[in-house]
Structure formats: structure tokens, C-alpha cells
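**Student:**
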Amino acid sequence: MANSSGGRPPAMSAAWPGSWPSRPAPPTTLLDEPPRMSPEGTFASVARTPADGASSHLSYRPEVDGLRAIAVMAVILFHAKLRGFNGGYIGVDVFFVISGYLITSILIGEHQRGAYSLLRFYERRARRILPALFFVLLCCLPFAWALMTPSQMKGFSQSVVATSAFASNIYFWLSSGYFSTLSEEKPLLHTWSLGVEEQYYIFFPLLLALLWRYGSRRLVATLAFLAVGSFALGIWGAARDASGVFYLAPTRVWQLLAGSLIAFAGISGTSRPLPPLAGNALSLFGLVLILASIHYFGAETPFPSLVSLAPVLGSVLVLAFARQGTLAARILSLRPMVGIGLVSYSAYLWHQPVLAFLRLYEADLHSLAIRLGAVALSLGLAYISWRFVETPFRDRRKFSTRYIFTAAGVGTAVAIAIGMAGYLSKGFSSRFDPQARAVMASAKSSPKRMACHTDGPRYLDPKLACTYFKEPVTWAALGNSHVTEPAYALAQRLESLDQGLLQLSYSGCPPAFTYQAECTEWLHKAVERIETDKSVQNVLVAYRYTSALFGEQTQSYPRIPTHILFRLPGMTPEQSMDAYWASFQAVLERLQGAGKRVFVILPIPELDRSIEEKVWAGNHGAADYTVGTSMDYYRARNAFILGKFRQLPWSDRLVPVDPTTQLCDATRCYAVIDGQAMYFDDHHLSLAGAARVMRLLEPYLK
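Shown next, in the form of C-alpha cells:
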């Protein structure tokens, strides 16, 4: 595509050193054809003849493949949960910068030669991305069929559709939340980054073509403005929707634009190169920034933030200054680094399905040997995929443009059809036998959960809380998500007495004043609502008490307290637990002081896996799925909180509700009773389970 100056490149802004890159960075393995191998086995330069007949050579940069190797191994080792790689997720950030740099360099070269073609650009993307992606999707299907429960299969099917449409980042954003499947068990979770990239490349080539004619100053200024705006949007949105900021393209494009700006800057291949010492220092510093981020970052590192700029800045410095002869370039150009870099796209595609399906099979990857084996398997599959799928499809002599676009359309349609079949069939639930299907049909949550429960961005002010089903409202339910099903089951019983119930529940927020500002503010409003409602005579309180102190359930003892809600700097674990209990008691006393009778549901027995997973395992003859957990484990798991409950002054105004009397015998607690599921996941009671426990309130109903 010619520009307005008769095909000449616009003048370079004085704000940027050098001139327009006359030799754009090569289309290495991320983008186009792989570099050719010389007879000696070393990587040869890639030479091309531009469309206008002028000679233009694209020099292969092995250090870029080395940088890609660091990025992909960081992600893989992070997902394999190996020590020292807590920040390995920043490998995706590095990928984004590399992608922006390389693709922009190619587009600049095409614009300079007047050879820009949007069709050719999308052909390159299709050749590069789709064959390996469809191959991995196809290979995932039999493992998903064999290992996934219907709900997992339904979610997987939805992700297949979203991945095929390059919208998986949007899907995983919308499906993230308190009750979503564990991220480690989602085989296609990692495809969110492909969604971000492809959404970016829908608009970026068009924007570049539109702005090219206006000269470099305006073009670069526009891209810089968009990058700053994207970063600022992420900062603003992090406190409002952290999941959206992580997954969505508008808050990620600044990383791709950082790479694009390097391609324009001309400092990579500048006509005024830096002194060797400066180039060495800057490129090595960039490499250190990346490696330090991989090691020191973690779940607590805010994104985006000034700290999260480190891996992006490091990538920029490496791409800009790690030229031949620098120490960073020599490190990144080592043969193993380049080799992994060449297969990095396939390695990225394979690693998450391998780890996810192993977790579904093994339940958890505690063994270091198994995790290292999974890493090795991912790299082995990556080589096969690169050698026999990626490389052939990039050869235009074997597969024409028409063939590529036709195959892309057919492959996308087939993948979407398979995904829709899995979704509409509810995860191919016919794989369950009839008895198991009947059990799962009873594993229902409250139909009021979505409308009447605060969960993350769905905030329901206590003043607007749900009341159901009749007037007067004589009962209130207060707690977190564990009170929702008991509240609904109790309301169904109250309806027959022409009475109603007020539900006040917030996910993750206990009925205690904590150091979480949002929870404390909500609880003050909720308790005030109960206090001022004269018709409310009784309050039902429920929470996952032990989890707030000791984390998720595990089959090892003793648990090491995490005190997520109550830990303050300088506070000992004992002080933290005492603060928790004192605050909870204060809430109970405040409710009683308002003249309310208070009913406290004691800890609910928790399963070692979700009810669906238990039934699925039993359906395959693994074990008796009716058994939930042992009473010994229940007592050990909840020892602290049960000890505190024994000290409360129970009376006819403060009444304990013990779920073990309805769900357990002397030695075991049950997940299924009389053919009905007592849970709808691994720790929330189903409506059937809640109704069974609410029988204990019958003497107090009138």
C-alpha cells in the first residue's frame, strides 16, 4: 500500500533516533516461515525480494528465539508449580512485547516497499496460528471425554467455541468467579492470550495503514498515547474488576504496543548505534529484569502497576540492544535456547492441556517427578507439532492461500460445532449411568443465588436485600455463601406458615468485623438492617469458619494457619485467631442485644472433591460415592472453631444447629443420602442437604 508521498516512507521524527528501519526484523517462528537451516546446521539469514523489486534482506535474530524460550519456559514451569518460578506468568507479557515488535517490523517493511496487503497479513496469521491450534484441540477431545465430569466437559466445550473464535479471553473473564472450575483443570485457559493477540491484530494493521500517510511523528505519538491509555485503564480498573484487567485486550495492548514502538524507534538497527559498553549494559539489564520478575513476582504482585512494568521494560531493552556481540545476545543465542524458542508456540499450546489432564487424572500433582515429566512431555509434543504441523503449513508451495483460508474456515466451523454439541448436551451427560444422573439432578443450588447473593462485582446493598416468600418477614439469614441454600430451604418451610425470610449474604465475608474494608462496611449495614426490622425475630448465621483461618481443605495435619482475613503486621497466629473469635462473638451479642433469637450453623462437613467428581469416580467403579468424609477428619479440621463453639453460652436465645446430626453417623459423613446429593460442590449444601439440616429448626417454627 503506497503512502501519500508517492511510496516514500514518512520522515522520521526528531524525537526518535535513526531513520525508518530499512531492514525490518524478520518473520521468525512466531509469525511467518521458519528460518532456513544451513548445511552446517546453523541458522541462515532469511533473504527476500520485495514486491517493488528493490533488494531488502531480513536478518534473522537468534536472540529473539532465545527470549521466546525464556518466556515459554517461565510460563510452563509456573503452571507446573516449580519453586523459583512464582512469577513465571510474566512470560505472557514477554510474548506480547515480542509479538508487537516482530509483526510491526514486518508491516513497516511492507509499507516501505508499497507492498502492504491485509489479505497477506491474515494469511500469515492463519498459517502460523491455526494448524497447531486445531491439532491440539483435536488431541484434547478424547482426554476430555474420558476424564471430565459433565460440568467440566460443558465448560471445556464452551472454551473450545471461544478459542476457535479467538474470544477465549472474554469467555474466561465472564466465567471467572467464586464457583468456577479450578484454573489448573481448564485445558484451554492459556488460550486467553491468543484471544488478546488476535483481537489486537484485527485493528492494528488497519490503524497502521490509516496513519502511515500522516508521517512518523503522528503515528508514533498515536501509538504511544494508546499505550499510556491502555496502561492507565488497567490501573483504574484493577480495583474494580481485576479479572477483566487481566484477561481483556484494552488493558493488555500496552504490552503489544511497547513492542510496536520499539520497531518504530529504530534503536534496534539504528544508524547511530550505542557504544558497545552501553548496549551490553542495557541489554543485560533487560535480561536481569525479566529473570528477576520470574523469580520474585507472585500472586500478590499488583497488575498492572509500576512494578509490573519490569518484565515489559526488560523485553524492550533486550529487543532494542541485544545485538550480535553483546553478552545478552550470546546467552540468548545458545543452541538449546534457540531450539526451545523455535517450538515455543507449540510448547505453549501443549503445556496447559498436559498439566490439566494430568491433574484431572491424578487429582493433584504433588510428585516433582510427575511435574517434570509433564514439562518434558510438553516439549516433546511441541517438537512433533512444530515439525509435522506448523512447518509444513507455512510452506506456500505445499498449501496455497486458497487452501489455507478454506481449511481455516472448515476447521473453525467443525471446532465450533463440536463445542456447541458439548454445551447443548450439558457436557455429554449421557456418559453417566441413570442412577448417577438422578443423583446429580438433585445437586441443585438455590434458585435465588444469583439474584439475592453478593458475589464479587454483583453487589447487593443490604437495604435492597431479598425477602421471600411471604409477609411478615420473621427470619433473617446472615453469612457468606454457605447461608444461601439453608436460607432458601428455610424460606420454603416458612411459606407454609405464611411467613417470610430476609437473606443477607456476601461471598467470602464472615459474620465478623474483619480487616477487609468492603466486608466490614457490608456487615455493619446488614446487622443494622436486621436490628431495625422489628418483624425479624430470628437470625440464622452460617459461614465457612475454618477456611477463613486455615485455608482450603487438605488431607494433611496439622494445617498451618494463613489468617487471610485477620492477619496484621506483628500479630501472632494466636492473636489473629482470638481476634477472629472476639469479633464473631461481638456480632452474636449485638444481634441478641437487639432482641433477636440467633441460630448458628456449626461447620458443615466438607468433601475431598466436588460431588460431581465423586459421583463421576463412582460411576467408573473407583469408590462408594455416597461417602463424603470421616468424622475424625471433620473433628481435626475444625478443632479450633469447635472448641470455641463449646465455650459459647448456648440457650433458647442462642441455639446451635449441628449439621453432623443430619449428615453423619458415628464414623462417616455422607455426600449422598437416600439417592439425593447433599452438596452441589465440595462444601456448599445442596437444597436437599440444606432442607435436611433445616429440620433441626422445626421446634422453633410456629
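In this text, residue positions in the sequence shown follow this note's numbering: the first is 210, and each later residue adds one.
The beta-carbon is built from N, C-alpha and C at its ideal position, and this holds for glycine as well.
#1: Find out if the Cβ-Cβ distance for the pair Gly-550, Ala-278 is shorter than 7 Å.
#2: Quick check: the Cα distance between Leu-558 and Val-521, rounded to an integer number of angstroms?
#3: With which residues is Arg-806 paired in a DSSP beta bridge?
#4: In terms of alpha-carbon separation, which member of Tyr-697, Leu-515 and Glu-272 lies closest to Ala-537?
#5: Classify Asp-664 as buried or exposed, calling it buried when 16 or more other Cβ atoms lie within 10 Å of its own Cβ.
#6: Between the region 420-436 and the region 447-466, can you find at least three pairs of beta-carbon atoms closer than 8 Å?
#7: Please report the straight-line C-alpha distance between Leu-515 and Val-623, rounded to a whole angstrom.
#8: In terms of alpha-carbon separation, which member of Glu-571, Thr-723, Lys-290 and Thr-693 lies closest to Ser-714?
#9: Contact between the region 846-856 and the region 649-663: three or more CB pairs below 8 Å?
#10: Cβ atoms of Phe-506 and Gly-300: under 7 Å apart, would you say?
#11: Thinking C-beta only, is Ala-686 closer than 7 Å to Gln-712?
#12: According to DSSP, is Ile-627 helix, strand or coil?
#13: Using DSSP bridges, identify the partner residues of Tyr-715.
#14: Give the straight-line distance between the Cα atoms of Leu-543 and Gly-275, rounded to the nearest whole angstrom.
#15: Out of Gly-443, Pro-396, Glu-730 and Trp-382, which has the shortest C-alpha to C-alpha gap to Val-345?
#16: In three-state DSSP terms, what is Pro-865?
#17: Looking only at its chain, what residues have a beta carbon closer than 7 Å to the beta carbon of Asn-828, apart from the 5 residues adjacent to it on each side?
#18: Is the separation between the beta-carbon of Ile-613 and that of Arg-334 shorter than 7 Å?
#19: Going straight from the alpha carbon of Pro-681 to that of Ala-700, what length do you get?
#20: Give the secondary structure of Ile-813 by DSSP, where H, G and I count as helix, E and B as strand, and everything else as coil.
#21: Among Ile-850, Val-437 and Leu-417, which has the Cα closest to the Cα of Leu-428?
#22: Give every residue of the same chain whose Cβ lies closer than 6 Å to the Cβ of Val-454, excluding the five residues on either side of it in the sequence, and list them in chain order.
#23: Do three or more CB pairs link the region 835-851 to the region 813-821 at distances below 8 Å?
#24: What three-state label does DSSP hand Tyr-505 in the structure shown?
#25: Which partner residues of Arg-877 appear in the DSSP bridge assignment?
#26: Quick check: the region 582-590 against the region 620-634, are at least 3 beta-carbon pairs closer than 8 Å?
#27: Out of Arg-532, Val-527, Gln-367 and Arg-603, point me to the one whose CA is closest to Ser-268's CA.
#28: With a CB to CB cut of under 6 Å and the five nearest residues on each side skipped, what residues in its chain are close to Phe-304?
#29: So the alpha helix (DSSP H) Val-516 belongs to, where does it begin and stop?
#30: Helix, strand or coil, according to DSSP, for Gln-367 in the structure here?
#31: Whose C-beta lies closer than 6 Å to the C-beta of Glu-242 among residues of the same chain, with five residues either side of it excluded?
#32: What is the residue span of the alpha helix (DSSP H) that Ala-447 lies within?
#33: Run through DSSP, which three-state label would Val-164 get?
#34: Excluding sequence positions up to five away, which residues of its chain have a Cβ less than 7 Å from the Cβ of Ala-751?
#35: Quick check: Val-405 and Ala-458, are their CB atoms within less than 7 Å of each other?
#36: Tell me the rounded alpha-carbon separation between Ala-795 and Pro-720.
**Tutor:** Taking the coordinates as given:
#1: yes
#2: 22 Å
#3: Asn-747
#4: Glu-272
#5: buried
#6: yes
#7: 43 Å
#8: Thr-693
#9: no
#10: no
#11: yes
#12: helix
#13: Thr-663
#14: 7 Å
#15: Pro-396
#16: strand
#17: Phe-641, Asp-642 and Ala-645
#18: no
#19: 12 Å
#20: coil
#21: Leu-417
#22: Gly-443, Gly-446, Ala-447 and Thr-460
#23: yes
#24: helix
#25: Ser-839
#26: no
#27: Arg-532
#28: Ala-280
#29: It is not in any alpha helix (DSSP H) - Val-516 carries neither H nor E in the DSSP assignment.
#30: helix
#31: For Glu-242, the predicted structure reports a pLDDT of 35, less than 50, and the residue's modelled location is therefore unreliable. A value from the coordinates is still provided. Counting only Cβ-Cβ distances below 6 Å, and skipping sequence neighbours, we find Arg-603.
#32: 425-447
#33: Residue coverage of the chain in this structure runs from 210 to 911, which leaves residue 164 outside it and unanswerable.
#34: Gly-688, His-691, Val-692, Pro-695 and Ile-810
#35: yes
#36: 10 Å
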